[in-house]
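Shown next, in structure tokens, is the structure this report addresses.
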Amino acid sequence: MYRFTPKAPERVRAVSWFGRAAVTLALIPLVSACSMLNVGRIPSQRLAEGEVPTPIGAMVRNNRTPMEGAIACFADHLTAMRKSNAAGSPVISVGDIKDFTGKYSINEGNAVTQGGSLMVYSALGKLNGVVRIAERFDSAIAERELGYMDRRQLGDGRAHDVSGQRVPWVPYFGGTIAQTDFYIIGGITEVNYNIRSGGAELGVDNIGAKSRVFNQSIAVDLRIVNARTLMVEKTVSLTKQFAGYEVGINVFRFFGKSLFDVNLGAKGQEPLQLGIRAALEEATLRLVGAATGVDPEPCLDVVTRRIPDQSAEEMRGQFLQVWPPKPLVGRPMTVLGGTAVVENAPYLNALVSSPSRASNIGANFQVLFEFGDVSIIGPMQTVLDQIAAEAAKGSVVITIVSRDTENWDPAKRDSLLEQRLAVLNALLSLRGVAPETTKVTWRPIKNDSTMQRIGAGLQYLARVQVN
């Protein structure tokens, strides 16, 4: 029997054929990956003659997070609450939100953002005017211009009358900078790598595949402080986990006389700084809720794992009818039929025991007395005109408040309140409201030193009803 034995060159050719076939099969996923990357399809534009085309990527857009719906909802509820109790918008500023993680790499720099304060400012700005924002983080330009003004170097192109003389510099008499009611401070306190990871890798003859998943987390700790008393109103500590994955295949071997090293794969991770921004936004909502007395928890229920297509500003007005504004549990103020009620004042709550009674007590107004003052001036005169007009139609409830910086002993507070009530009655009498129709329905008992806080920076003094 004759047996055919291939010669050595024929064996080499056979091996080479199998090698080329294997390389061809290995290149198929590579070509597919290139097509997925859309190589050559990125738009580009030649901006000037002689320049190479510049790739043009995606358009600029609003920096949205999963918190957009919750922010819009909370802003709607704050607006509704403010209309119902006639309270003003608190002035809130932001301190230095620092990176306290200590994570730093020589090659990549800081692990987490150094712009925490800017993110909190942006979160307050997304409330779209419901709270007023005071600049305290970087006031260098304003302080420099105040220095120019003090040296009479600052002008606005116009002449000003100062003591009967026309001068080219801008005069300054003080008192133009609005004070802050509350400020937010804190920091990014944790970044934890690989809190849990896992995967699988399989290889045969230097040909293999791998798959890996991993998780990490961050934490933020913020607090809101009363700027007048330096008392911490609320602290918030939030954490968020991030997930990532990595898959790939690799070939590292000889085919014939040629060595092939092929690696294909993909990996992805939720953006770390985007997650930090979302955590800071939620913390901001909780802190503003503590300062204003409006519970943000119902609005946090609308948060999903998906980033909305609209910004918070574009979503405003969509949540007004979803549920009524809910007062924050444990805060001093709630709203019953539009009337402010201090929850820790049993003498007052006994007068309005149910929403049904509160809803029938008439129009509601708030009269503010400045620190230690018994006069009613400025915008409050307009409020008195409105009270008189409503009193001609029916019952009116007047809430008397002052700044919470007033902290008198009970005797002095009671004496000052008597004077304020007398001034209020006199001014209403001048507007046609008979004194006998005015009745004090609540005031603190004489030996009670408790301050009944209401809203941002105010305290509750008394309630008056006009029938």
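Going letter by letter, the sequence shown gives residues 9 to 475 in the working numbering. The C-beta atom is built at its ideal place from N, Cα and C for all residues, glycine as well.
Counting along the chain, no beta strand (DSSP E) covers residue 455, and no H or E run does either. When the five nearest sequence neighbours on each side are left out, the beta carbons in the same chain lying within less than 6 Å of the beta carbon of residue 315 are those of 72, 74, in order along the chain. Beta-bridge partners of residue 374 (DSSP): 407. Pairwise C-beta distances place the region 226 to 244 in contact with the region 189 to 208, as three or more of them are shorter than 8 Å. For residue 210, no alpha helix (DSSP H) encloses it; the enclosing beta strand (DSSP E) starts and ends at 190 to 212. Taking 8 Å as the cut-off, the beta carbon of residue 230 is found closer than this to the beta carbon of residue 194. Taking C-beta separations shorter than 6 Å and ignoring five residues to either side along the sequence, the partners of residue 135 in its chain run 83, following chain order. Rounded to the nearest angstrom, the gap between the Cα atoms of residue 162 and residue 153 is 7 Å.
Residue burial is scored here from C-beta neighbours: residue 149 has fewer than 16 other C-beta atoms within 10 angstroms and is therefore classed as exposed.
Under the three-pair Cβ rule at 8 Å, the region 207 to 215 does not count as touching the region 105 to 120. In this structure, DSSP gives residue 183 a state outside helix and strand, which the three-state scheme calls coil. Residue 398: not part of any beta strand (DSSP E); member of the alpha helix (DSSP H) spanning 387 to 399, first to last residue. From the listed residues 273, 68, 298, the smallest Cα separation to residue 244 is found for 298. Taking the CA atoms as reference points, residue 379 sits about 15 Å from residue 431.
Of the candidates 426, 109, 416, 426 places its Cα closest to the Cα of residue 448.
Comparing alpha-carbon positions, the option among 54, 79, 64, 97 lying closest to residue 309 turns out to be 79. Here residue 112 is bridged, per DSSP, to 118. In the DSSP assignment, residue 475 falls outside any beta strand (DSSP E), carrying neither H nor E. Judged by DSSP in its simplified three-state form, residue 431 adopts helix. If you draw a straight line from the Cα of residue 224 to the Cα of residue 251, it comes to about 7 Å. Just so you know, the alpha carbons of residue 457 and residue 143 end up roughly 35 Å apart. Contact annotation: residue 288 and residue 178 have beta-carbon atoms that are not nearer than 8 Å.
Bounds of the alpha helix (DSSP H) holding residue 152 are 148 to 158.
Within 10 angstroms of the beta-carbon of residue 174 lie fewer than 16 other beta-carbons, which makes it exposed.
Within the same chain, 73, 127 come within 6 Å of residue 285 by CB-CB distance, once the 5 residues on both sides are set aside.
Following the DSSP letters along the chain, one finds residue 284 inside the alpha helix (DSSP H) bounded by residues 280 to 300. Pairing residue 403 with residue 376 gives a Cβ-Cβ distance that is not under 8 Å. By the Cβ-count criterion, residue 89 is buried, with 16 or more other Cβ atoms from all chains shown falling within 10 Å of its own Cβ. The Cβ atoms of residue 471 and residue 405 sit closer than 8 Å to each other. Of the residues 111, 213, 123, the one whose Cα lies closest to the Cα of residue 261 is 213.
For a cut-off of 8 Å, the C-beta gap from residue 141 to residue 100 is around 6 Å, short enough to register as a contact. Measuring C-alpha to C-alpha distances from residue 452 to each of 389, 420, 170 identifies 420 as the nearest.
Look at residue 128 here: in three-state DSSP terms it is helix.
Rounded to whole angstroms, the gap between the alpha carbons of residue 265 and residue 274 is 30 Å. Residue 253 and residue 222 have their alpha carbons spaced roughly 6 Å apart.
In the DSSP annotation of this structure, residue 135 is not part of any alpha helix (DSSP H), being labelled neither H nor E.
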